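First up is the structure itself, then whatever we jot down about it.
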Amino acid sequence: MRAGCGWAVSPVIMGAVNGHEGASVAFPARWWYPACTTRELGTRPLTTTLMETPLAIFRDRRGGLGALVDRCPHRNYPPSLGRVIPDGVLECGYHGWRFDACGNCVTVPGLLDGQEAAATTRRAVSHAAVERDGIVWVWGEPEVAPTREPFPLPLISGRGAGEVVFRYDLDCSLHAALENALDVPHTAFLHRGIFRGGNPRSITAVRKELSDGVEAQYLGEPVGMGPIRARAESQRTFDHWDRFFLPSIAQIEYAIEGWARVVNTVLHLPLSPYRTRAWFVVRYWSRLPASVVRPAVLLRGKQILRQDARALAAQTSRIRAFGGERYTSTDLDILGNAIWRLLRQAERSESGLTTAAELGGNGDRHPEPVERTVTFNV
71 MRAGCGWAVS
81 PVIMGAVNGH
91 EGASVAFPAR
101 WWYPACTTRE
111 LGTRPLTTTL
121 METPLAIFRD
131 RRGGLGALVD
141 RCPHRNYPPS
151 LGRVIPDGVL
161 ECGYHGWRFD
171 ACGNCVTVPG
181 LLDGQEAAAT
191 TRRAVSHAAV
201 ERDGIVWVWG
211 EPEVAPTREP
221 FPLPLISGRG
231 AGEVVFRYDL
241 DCSLHAALEN
251 ALDVPHTAFL
261 HRGIFRGGNP
271 RSITAVRKEL
281 SDGVEAQYLG
291 EPVGMGPIRA
301 RAESQRTFDH
311 WDRFFLPSIA
321 QIEYAIEGWA
331 RVVNTVLHLP
341 LSPYRTRAWF
351 VVRYWSRLPA
361 SVVRPAVLLR
371 GKQILRQDAR
381 ALAAQTSRIR
391 AFGGERYTST
401 DLDILGNAIW
411 RLLRQAERSE
421 SGLTTAAELG
431 GNGDRHPEPV
441 ERTVTFNV
């Protein structure tokens, strides 16, 4: 992360995403969001979008990161179409203005001696950026010093450990993507035969609050994949947890003691109110060789993801056609409403709305206790 950029510690307040009444669209700004993976960022600038704001991501000559709003202050040309020159600054491809990782204009070609390039009006708007665990993160609010660290990915190491990472763009809101990733009941229908299926079994979900998140632990879930399950008399069950962490992390963990552990951490980037990019970082350990497990994880993961992507696109299409959501929830919707409440509370607290009354009503359409236990068949 860049130091000494002169960002304010007390940020300018950014409001909620407007114009989406009746839809679960929220964007807490004072958090880290994934921008790309380390592998995706090469020697050329990379362009991405953070809630409808285009960004240009690049490395300076020391390997540090820059994240500038992708609009040159001179004539609004995208600096991402330019190049990173050998001294590590980003050169706009239109008139050659150059910017450092903090957004300072360091060169304006053709200026006469004595005319400095670094005028305030020539600054490019910048976001803090940092690299952790193979992910490039950007701070959601521009021109502000971050107040926390990015989300740490779990460490799974040793013989039999491995990692699979794949990316998918989803036609849905951030909230819809998060709920889908952590929703158990839909898997018995949408993913029947791939993930769940066969005769339903009774399992119990225990939901509890986490720091900046919420978790559901599933008890009594029989070991199996698709229609293949352990015999009814078998006592072997999965250890299974689903977790949400603000602002955009979904995490699914499965384990069989002494045999396997799989943690799928899904990092979401809200590109716009109804489009979300997701990186699925699957880290695993198994008594089987990693060379055997990895292709199976990739195949099953991409099959499930394609089904979810089609379902989310169809859901979004109907929501927009009818002018908003009209949801009816039950006890089986273990995490979706809790995720929305946390997102909305985080967003509204940034605008100074912190009282219970202000966080109720339309700001929190699904008030409910965080601690819950639900038993159901799946």
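Be aware that the sequence shown starts at 71, since it is given in the numbering used here, and climbs by one per residue. All C-beta atoms, glycine included, are put in the ideal place defined by N, C-alpha and C. Here the structure is a predicted model, which is why all the values come from computation and not from measurement.
In the structure shown, the three-state DSSP call for F259 is helix.
According to the DSSP assignment, I409 belongs to no beta strand (DSSP E) but to the alpha helix (DSSP H) extending over 406 to 419. Taking E213 as reference, the option from E201, F221, H197 with the minimal CA-CA separation is H197. Proximity of the region 356 to 363 to the region 317 to 335 meets the contact definition, three or more beta-carbon pairs being nearer than 8 Å. Sequence-distant partners of R347 (beyond 5 residues in either direction) whose C-beta falls short of 6 Å from its own C-beta, in its chain, are D239, L339, L341.
The alpha-carbon separation between A408 and Q415 amounts to approximately 11 Å.
C-alpha of L244 to C-alpha of L252: approximately 13 Å in a straight line.
Between I404 and R237, the C-beta spacing is not below 7 Å. Counted as a single uninterrupted DSSP element, the beta strand (DSSP E) harbouring L337 occupies residues 330 to 342.
Here S272 is bridged, per DSSP, to N447. The region 92 to 103 makes contact with the region 207 to 226, as at least three CB pairs between them are under 8 Å.
Here L358 carries a coil assignment [DSSP, helix/strand/coil].
Per DSSP, the continuous beta strand (DSSP E) segment holding A105 begins and ends at 102 to 107.
Straight through space, the alpha carbons of A325 and G371 are spaced by roughly 16 Å. Judged by DSSP in its simplified three-state form, T400 adopts coil rather than helix or strand.
Considering only P343, E233, P179, the residue with the shortest C-alpha distance to S94 is P343.
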